[in-house]
Amino acid sequence: MRNLASIPFLMLALMSASPALAGGGANQKTDPCLLVTPAEIGQALQDKVGNGQNSGAGDCNYRGASGYDSQVTVAVDENPGRAEFFASQASQSNAKRFDIADGAYAFDSPAGFTSVTLLKGQTLVTITLSKPNLARRVDATVALAKQAAARLGTEAAAHREPGIEALVGEWYTDAGDPNRGTREVRRWIIKKNGDWVMTMAPEHSGSLTAQDGQWQVDSPQEHFSGNYKANGKDGLVTQGDVAAEWVRVPDGARPDGVDPVFLGIWSAIPLVGMAHGAIDPAMVGLWRAEPDTDGGHTILVWRISPDGDSVLTPVVTIEGSLEADAGDLEISPDHGDDFRSTYKFQGPDSFVTTDGAGSYRWQRKGTGLW
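Going left to right, the sequence shown walks through residues -22 to -1, 1 to 348 as mature numbering (1 follows the signal peptide of the UniProt record, and there is no 0) numbers them.
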């Protein structure tokens, strides 16, 4: 068992295996925000229009300055079987046909919007223009469809992942292994200049036996052990797989320097069915240690219940810099080797990083569990 006080070496596995979570737009070939320009949409709406907002699920939404009743949505569908789907929809009696690309049909609603769906190859594009009082609304929407058809399939409309500006922020993922029941919250703060700070908190849960200066923790996943001795009323010294000088955290308090997000409710859930031996009361409690480490900064938190349930959490913070270019990342930790990864956005608040070892899905703070 590796000495857990050396956990900063986890940065060598920064992007190690974890199942990727696929989402809409994850493999998009066409960027819906590049099929028509804001100027073209402004002309169609007879309104001032800013840049479109890409949903990350194949849609791009534009809004005119006059408000919610002046909008255009461009939707791209690249799923298999689109030609057959188009044929079934275009044959309906209320569909008006147009000679655009491989075919197009329009639907004009009395509710004040018009949609035109066109087919080019195996890709469907639907443009919906909403402005109830706009004269010649069908003509305006058809004009946008023709402009979109001209760009569809060209480099001008090819999907490209956004650069560093989209990665800036505070992101979270759980890098644990659900098959083993482990949890590891990671936080990645990325700055505009490419500097970053990552904090990792892998939980090591098990059943503790501690008696006569010897301790060991067992779980279905791992075993670690060593020696211990009390260091006054509120101190503890351990050696072996966990070598540290511990200070007891007072009842009701939190370990200094540790964000509560890294000590979640899962930490309080005891293991079921794991037998343990005697427990020396001197080891019971919530403990904090700050060992000397090479590279990064580590705080150890060890929660030991009177029943012998043990959760050891090394909270490791490392820093570095990165460069992002259209889906490619070059990551340079301050301590450790540089490595490459890819990233793919699944909307403005989620992206997936992937390298040869696996994938992580990152969620922006405030949009997921964190």
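We put the CB at the ideal spot given by N, CA and C, even for glycine.
Three-state secondary structure (DSSP) at L130?
-> Here the question's residue 130 lines up with position 152 in the sequence shown. If DSSP states are grouped into helix, strand and coil, L130 belongs with coil.
At what residue ranges does the stretch 282 to 343 contain a whole run of the beta strand (DSSP E), taking only runs of 3 or more?
-> For the stretch 282 to 343, whole beta strand (DSSP E) runs of length 3 or above, ordered along the chain, are 287 to 303, 306 to 311, 317 to 323, 328 to 333 and 336 to 342.
Buried or exposed for A246, please, with buried defined as at least 16 other CB atoms from any protein chain shown within 10 angstroms of its CB.
-> For the purposes of this step, residue 246 is taken as the residue at position 268 of the sequence shown. Reliability fails at A246, whose pLDDT of 47 lies under 50, so the model's placement of it is uncertain and the value that follows must be treated cautiously. It is exposed - the Cβ of A246 has fewer than 16 other Cβ atoms within 10 Å.
Relative to the C-alpha of V195, which residue among I282, K124, N32 and G298 is closest?
-> Translated into the one-based positions of the sequence shown, residue 195 becomes position 217. Per the Cα distances, I282.
Report the partner residues of M178 according to the DSSP bridge assignment.
-> For the purposes of this step, residue 178 is taken as residue 200 along the sequence shown, with counting starting at 1. Paired residue(s): R164 and V294.
Considering only the beta carbon of each residue, do T291 and V279 sit closer than 7 Å?
-> The sequence position of residue 291 within the sequence shown is 313, counting from 1. The sequence position of residue 279 within the sequence shown is 301, counting from 1. Cβ distance < 7 Å, so T291 and V279 count as in contact.
For the alpha helix (DSSP H) that R60 lies in, which residues bound it at each end?
-> As a working note, residue 60 is residue 82 in the sequence shown. R60 to A68 is the extent of the alpha helix (DSSP H) around R60.
Apply the 10 Å Cβ neighbour rule to W340 and answer buried if 16 or more other Cβ atoms are within range, or exposed otherwise.
-> The residue given as residue 340 occupies position 362 in the sequence shown. Counting C-beta atoms within 10 angstroms of its own C-beta, W340 has 16 or more neighbours from the protein chains shown and is therefore classed as buried.
How would you label G184, buried or exposed, when you count the other beta carbons within 10 angstroms and need 16 or more for buried?
-> For the purposes of this step, residue 184 is taken as residue 206 along the sequence shown, with counting starting at 1. When all chains shown are included, G184 counts as buried.
What number of angstroms, rounded off, separates the C-alpha of Q24 from the C-alpha of A61?
-> In the sequence shown, the residue the question calls residue 24 occupies position 46. In the sequence shown, the residue the question calls residue 61 occupies position 83. Cα to Cα, Q24 sits roughly 33 Å from A61.
What do you get for K77, buried or exposed, if any count of 16 or more other CB atoms within 10 angstroms of its CB means buried?
-> Translated into positions along the sequence shown, residue 77 becomes position 99. Contrary to the premise, residue 77 reads as Asp rather than Lys in this sequence. Flag for D77 reads exposed.
Check whether the Cβ of T132 lies closer than 6 Å to any heavy atom of the ligand GTP, and answer yes or no.
-> Ligands displayed in this structure: none; no statement on the ligand GTP is therefore possible.
For W149 and L347, the rounded distance between their alpha carbons = Locating residue 347 in the sequence shown gives position 369, counting from the first residue. Locating residue 149 in the sequence shown gives position 171, counting from the first residue. For L347 and W149, the distance between alpha carbons rounds to 11 Å.
Use the C-beta contact count for D234: other C-beta atoms within 10 angstroms, 16 or more gives buried, fewer gives exposed.
-> Here residue 234 corresponds to residue number 256 of the sequence shown, with the count starting at 1. D234 counts as exposed, since fewer than 16 other beta carbons sit within 10 angstroms of its beta carbon.
Residues bridged to Y206 (per DSSP) = Working through the sequence shown from its first residue, we reach residue 206 at position 228. Answer by DSSP bridge pairing, in chain order: T216.
Limits of the unbroken beta strand (DSSP E) element including L23 = Position 45 of the sequence shown, counting from 1, holds the residue named residue 23. Segment P16 to L23 is the alpha helix (DSSP H) holding L23; no beta strand (DSSP E) there.
Endpoints, beta strand (DSSP E) assigned at A222 | Position 244 of the sequence shown, counting from 1, holds the residue named residue 222. Secondary structure note for A222: its beta strand (DSSP E) is the uninterrupted segment A222 to R226.
Residues bridged to Q194 [DSSP beta-bridge criterion] | Within the sequence shown, numbered from 1, the residue matching residue 194 stands at position 216. Per DSSP, T187 and S203.
V236, DSSP secondary structure in three states | Locating residue 236 in the sequence shown gives position 258, counting from the first residue. Coil.
Opposing strand residues paired with residue 354 [DSSP bridges] | Missing from the structure shown is residue 354; the chain here goes from -22 to 348 and no further.
7 Å CB neighbourhood of G334 in its chain, flanking five on each side removed = Locating residue 334 in the sequence shown gives position 356, counting from the first residue. So the list is empty, once near-sequence residues are dropped.
State yes or no: is the C-beta of A208 within less than 7 Å of the C-beta of A260?
-> For this step, residue 208 is matched to residue 230 along the sequence shown. For this step, residue 260 is matched to residue 282 along the sequence shown. Yes, the pair counts as a contact, with Cβ atoms nearer than the cut-off.
To the nearest angstrom, how far is it from the Cα of S310 to the Cα of D316?
-> Translated into positions along the sequence shown, residue 310 becomes position 332. Translated into positions along the sequence shown, residue 316 becomes position 338. Straight-line Cα distance between these residues: approximately 4 Å.
Length-filtered (3 minimum) beta strand (DSSP E) runs lying within the stretch 78 to 123 | With a minimum length of 3 residues, the continuous beta strand (DSSP E) runs that stay inside the stretch 78 to 123 are 82 to 87, 91 to 98 and 101 to 108.
In the DSSP assignment, what residue or residues form a beta bridge with N32?
-> If you number the sequence shown from 1, residue 32 lands on position 54. BP columns for N32 point to C38.
Is it true that the CB of D86 sits closer than 7 Å to the CB of residue 355?
-> With the chain covering only -22 through 348, there is no way to say anything about residue 355.
How would you call K109, buried or exposed, if buried means at least 16 neighbouring beta carbons within 10 angstroms?
-> On the sequence shown, position 131 is the one that residue 109 refers to. The residue is buried, with at least 16 neighbouring Cβ atoms inside 10 Å.
Separation of D80 from C11, as counted between CA atoms = For the purposes of this step, residue 11 is taken as residue 33 along the sequence shown, with counting starting at 1. For the purposes of this step, residue 80 is taken as residue 102 along the sequence shown, with counting starting at 1. CA-CA distance, C11 to D80, rounds to 21 Å.
Residue 428 versus G99: straight-line alpha-carbon distance, rounded = Since the first and last residues shown for the chain are -22 and 348, residue 428 lies out of range.
List the endpoints of the continuous alpha helix (DSSP H) containing A144.
-> Locating residue 144 in the sequence shown gives position 166, counting from the first residue. Secondary structure note for A144: its alpha helix (DSSP H) is the uninterrupted segment I142 to L145.
Element boundaries [beta strand (DSSP E), containing K74] = Locating residue 74 in the sequence shown gives position 96, counting from the first residue. Residue range K74 to F76 is occupied by the beta strand (DSSP E) that includes K74.
A136 to L13, Cα distance in whole Å?
-> Locating residue 136 in the sequence shown gives position 158, counting from the first residue. Locating residue 13 in the sequence shown gives position 35, counting from the first residue. Roughly 9 Å separates the two Cα atoms.
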